[in-house]
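**Q**
Protein chains: 2
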Amino acid sequence: MPRHVNADDRRLDLADTALLIAGADGLDAVTIRRVAQRLGASTSAVTHYVEGRQELLLLAVRRAVDRRIVEGHEVIHGHSGLRAIEMLMEWATGGVGLEAQSAWLSLVAGARSSPDLREVLSTFNAWWDDAVQSACAAATADGDLALPVRLAADLITTVVDGLVLASFEDEAPLPAPRRDAVLRLAFDALRGDALEPEGTTR
Amino acid sequence: MPRHVNADDRRLDLADTALLIAGADGLDAVTIRRVAQRLGASTSAVTHYVEGRQELLLLAVRRAVDRRIVEGHEVIHGHSGLRAIEMLMEWATGGVGLEAQSAWLSLVAGARSSPDLREVLSTFNAWWDDAVQSACAAATADGDLALPVRLAADLITTVVDGLVLASFEDEAPLPAPRRDAVLRLAFDALRGDALEPEGTTR
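Line by line, the protein sequences give chains A and B. The working numbering applies: residue 116 is where the first sequence begins, and numbers increase by one. The working numbering applies: residue 116 is where the second sequence begins, and numbers increase by one.
#1: If we count Cβ pairs, one from each stretch, closer than 8 Å, do we get three or more for the region 141-154 of chain B versus the region 169-181 of chain B?
#2: List the residues of chain B whose Cβ lies closer than 8 Å to the Cβ of A/LEU236, in chain order.
#3: Could you pull out every residue in the same chain whose Cβ sits closer than 6 Å to the Cβ of B/VAL297, ignoring the five residues on either side in sequence?
#4: Under 7 Å between beta-carbons, which chain B residues line up against A/THR273? List them in chain order, please.
#5: Measure the C-alpha to C-alpha separation of B/THR146 and B/LEU135 and round it to an integer number of angstroms.
#6: Quick one: residues in its chain with C-beta nearer than 6 Å to the C-beta of A/SER228, no 5 flanking neighbours on either side, listed in chain order?
#7: Answer yes or no: do B/ARG306 and B/ALA261 have a C-beta to C-beta separation smaller than 8 Å?
#8: Report the CB separation of B/VAL247 from B/ALA268 in whole angstroms; it is logged as a contact under 8 Å.
#9: Tell me the DSSP secondary structure of B/ARG265 in three-state form.
#10: Short check: CB of B/ALA253 to CB of B/SER217, under 8 Å?
#11: I need the DSSP call for A/ARG125, collapsed to helix, strand or coil.
#12: In the structure shown, what three-state DSSP assignment does B/THR146 receive?
#13: Three-state secondary structure (DSSP) at B/LEU260?
#14: Counting only Cβ pairs nearer than 7 Å, list the residues of chain B close to A/SER217.
#15: Hey, B/ILE271 and B/ALA301 are a contact pair by Cβ (cut 8 Å); roughly how many whole angstroms apart?
#16: Which residue from A/ALA207, A/GLU205, A/TRP219, A/PHE283 puts its Cα closest to that of B/GLU284?
#17: Could you give the residue range of the alpha helix (DSSP H) that holds A/HIS188?
#18: Please tell me whether A/ARG183 has its Cβ less than 8 Å away from any Cβ of chain B.
#19: For B/THR208 versus B/ARG126, is the C-beta distance shorter than 8 Å?
#20: Spell out whether any CB of chain A is found under 8 Å from the CB atom of B/ARG293.
#21: Identify the continuous alpha helix (DSSP H) that holds B/ALA287 and give its terminal residues.
#22: Would you verify that the beta carbon of A/ALA252 is, or is not, closer than 8 Å to some beta carbon of chain B?
#23: If the criterion is Cβ atoms closer than 8 Å, does the pair A/SER237 and B/ALA224 meet it?
#24: Taking all protein chains shown into account, do 16 or more other C-beta atoms lie within 10 angstroms of the C-beta of A/SER282, making it buried, or fewer, making it exposed?
#25: What does B/GLY304 reach in chain A if we use C-beta pairs closer than 7 Å?
#26: Are the C-beta of A/LEU220 and some C-beta of chain B separated by less than 8 Å?
#27: List the residues of chain A whose Cβ lies closer than 9 Å to the Cβ of B/VAL180, in chain order.
#28: Contact criterion: CB-CB distance below 8 Å. Does B/VAL223 meet it with respect to chain A?
#29: Name the chain B residues whose beta carbon is nearer than 7 Å to that of A/LEU266?
#30: Quick one, are the C-beta atoms of A/TYR164 and A/ALA133 less than 8 Å apart?
#31: Do A/VAL275 and A/MET204 come within 8 Å of each other at the CB atom, strictly closer than that value?
#32: Chain B beta carbons: is any one of them nearer than 8 Å to that of A/ASP245?
Printed below as a string of structure tokens:
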């Protein structure tokens, strides 16, 4: 390893390497030794920057959540209101991939007993809540939203969370057409489509 | 311990004792030793019936899921159609309590890597899916359901799962009035209330 390297950069490298290993072989496979091997370094070169496996895992989880926030930003970049809501919902329920959803579930389950994980989770939630509420406020200003902002935001988060959790309850994720049909119902409720006069023609 | 006791009964006792301990001090506190102490027995009297801590935990999880199924049956007993759906949703999102929801989340997160947990989860899911679909079919027969049965069932499961997961993402569960407002939206979508002619008077 090069000397005099910035310690923060080095810790990011360790986190990225841990995520590569976790992506391939699961979080259980992430060890100081595996990370060192992958970097062609000694274990002591790794433990110079992290105290142990727990700190390494926490770095990796923080890194994964930071990346998700960046990804989410990119997904809604240049969009606002209902369109931003639609893109956020599609991304969070399908676009992020099953591995990321699985890591998410472990994070939520672990946050109950770990203040460190709770803090990482809160970082993401703060971003998510802000993104959803901003989009809802913009949709309201556009006259596109039939629900109060907080109820709309609660519905969006509930449906997204529900589709993520449902993916893991069964052997396989809900097939895309069934997931999309549920998203469509939520979206109709947000827009109050069913309240439009043409709704009465059924 | 009395001798010649039925081995299945004894294993149920062990599972119940493990659940008492888990309820008070969390799943991590469940050990062969703690269970033996609580029963006033030796650890070898416990390991006569279970191979080790893992089997003890699995017994406890199975027992908890069996109990939830019995409880769910009781909740909808004597009801059908929309009313049964409403009672199932309220029970699953609030009535079961936070500890049971937390245990559920751990079960779902663990089922990905444990075939034993996956099997327990499947037992519950089979019951849940059957209860929800039966209620939806009855509601359709009553003329109360505005959605196809499968879409209705997907919406119900998604909203219930979403409210459970959302409870753990934040520091505290969603306040009851906000949870109820989301349930109400889902319920309206099921009944197609918004499609009724009076919906156009807004």
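Yeah, the Cβ is synthetic: ideal placement off N, Cα and C, and Gly gets one too.
**A** Straight from the coordinates:
#1: With a cut-off of 8 Å, the region 169-181 of chain B and the region 141-154 of chain B count as touching, because enough Cβ pairs lie within range.
#2: Residue mapping note: residue 236 of chain A aligns to position 121 of the first sequence, counting from 1. Within chain B, the residues GLU284 have their CB atoms less than 8 Å from the CB of A/LEU236, given in chain order.
#3: On the second sequence, residue 297 of chain B is found 182 positions in, with the first residue counted as 1. If we look at B/VAL297 and ignore the five residues flanking it on each side, it has no Cβ neighbours.
#4: By one-based count along the first sequence, residue 273 of chain A stands at place 158. Correct list: VAL274, GLY277, LEU278, ALA281, VAL297.
#5: Within the second sequence, numbered from 1, the residue matching residue 146 of chain B stands at position 31. Within the second sequence, numbered from 1, the residue matching residue 135 of chain B stands at position 20. One C-alpha to the other measures close to 12 Å.
#6: As a first step, residue 228 of chain A must be located in the first sequence, where it is residue number 113. Correct list: empty, nothing qualifies.
#7: In the second sequence, residue 306 of chain B corresponds to position 191, counting from 1. In the second sequence, residue 261 of chain B corresponds to position 146, counting from 1. Here B/ARG306 is near B/ALA261, since their CB atoms are less than 8 Å apart.
#8: Start at 1 with the first residue of the second sequence, and residue 247 of chain B comes out as number 132. Start at 1 with the first residue of the second sequence, and residue 268 of chain B comes out as number 153. Sure, about 5 Å apart at Cβ, within 8 Å.
#9: Translated into positions along the second sequence, residue 265 of chain B becomes position 150. Reduced to three states, the DSSP call for B/ARG265 is helix.
#10: Here residue 253 of chain B refers to the residue found at position 138 of the second sequence. Here residue 217 of chain B refers to the residue found at position 102 of the second sequence. Pairing B/ALA253 with B/SER217 gives a Cβ-Cβ distance that is not under 8 Å.
#11: On the first sequence, position 10 is the one that residue 125 of chain A refers to. Reduced to three states, the DSSP call for A/ARG125 is helix.
#12: Counting from one through the second sequence, the residue named residue 146 of chain B turns up at place 31. Coil at B/THR146, not helix or strand.
#13: Mapped onto the second sequence, residue 260 of chain B falls at position 145. Here B/LEU260 sits in coil by DSSP.
#14: Counting from 1 along the first sequence, the entry for residue 217 of chain A is found at position 102. ARG227, listed in chain order.
#15: One-based indexing of the second sequence puts residue 271 of chain B at position 156. One-based indexing of the second sequence puts residue 301 of chain B at position 186. Separation of the CB atoms of B/ILE271 and B/ALA301 is rounded to 7 Å, and the pair is thereby assigned contact status at 8 Å.
#16: By one-based count along the second sequence, residue 284 of chain B stands at place 169. The option with the nearest alpha carbon to B/GLU284 is A/TRP219.
#17: Here residue 188 of chain A is taken as the residue at index 73 of the first sequence, counted from 1. For A/HIS188, the enclosing alpha helix (DSSP H) has its first and last residue at 168-191.
#18: Here residue 183 of chain A refers to the residue found at position 68 of the first sequence. No, A/ARG183 does not count as interfacial toward chain B.
#19: The residue labelled residue 208 of chain B in the question sits at position 93 within the second sequence. The residue labelled residue 126 of chain B in the question sits at position 11 within the second sequence. With contacts defined as CB atoms closer than 8 Å, B/THR208 and B/ARG126 fail to qualify as a contacting pair.
#20: In the second sequence, the residue the question calls residue 293 of chain B occupies position 178. It does; some Cβ of chain A falls within 8 Å.
#21: The residue labelled residue 287 of chain B in the question sits at position 172 within the second sequence. Here B/ALA287 belongs to no alpha helix (DSSP H), and DSSP marks it neither H nor E.
#22: Indexing the first sequence from 1 puts residue 252 of chain A at position 137. Closer than 8 Å: no.
#23: For the purposes of this step, residue 237 of chain A is taken as the residue at position 122 of the first sequence. For the purposes of this step, residue 224 of chain B is taken as the residue at position 109 of the second sequence. Using a Cβ distance threshold of 8 Å, A/SER237 and B/ALA224 do not count as a contacting pair.
#24: Taking the first residue of the first sequence as position 1, residue 282 of chain A is located at position 167. Classification for A/SER282: buried.
#25: By 1-based counting over the second sequence, the position of residue 304 of chain B is 189. Position check: residue 304 of chain B holds Ala in this sequence, whereas Gly was assumed. In chain order: LEU300, ALA304.
#26: Within the first sequence, residue 220 of chain A is the residue found at index 105, counting from 1. Yes, its Cβ sits closer than 8 Å to a Cβ of chain B.
#27: The count along the second sequence starts at 1 and reaches residue 180 of chain B at position 65. Under the 9 Å cutoff, chain A gives no residues; its nearest Cβ is about 12 Å from B/VAL180.
#28: In the second sequence, the residue the question calls residue 223 of chain B occupies position 108. Yes, its Cβ sits closer than 8 Å to a Cβ of chain A.
#29: Locating residue 266 of chain A in the first sequence gives position 151, where the first residue counts as 1. Simply ALA296.
#30: Position 49 of the first sequence, counted from the start, is the residue given in the question as residue 164 of chain A. Position 18 of the first sequence, counted from the start, is the residue given in the question as residue 133 of chain A. With respect to the 8 Å criterion, A/TYR164 and A/ALA133 are not classified as neighbours on the basis of their beta carbons.
#31: The residue given as residue 204 of chain A occupies position 89 in the first sequence. The residue given as residue 275 of chain A occupies position 160 in the first sequence. Their beta carbons are under 8 Å apart, which means A/MET204 touches A/VAL275 by this criterion.
#32: Indexing the first sequence from 1 puts residue 245 of chain A at position 130. Not closer than 8 Å to any Cβ of chain B, the Cβ of A/ASP245 fails to qualify, so no.
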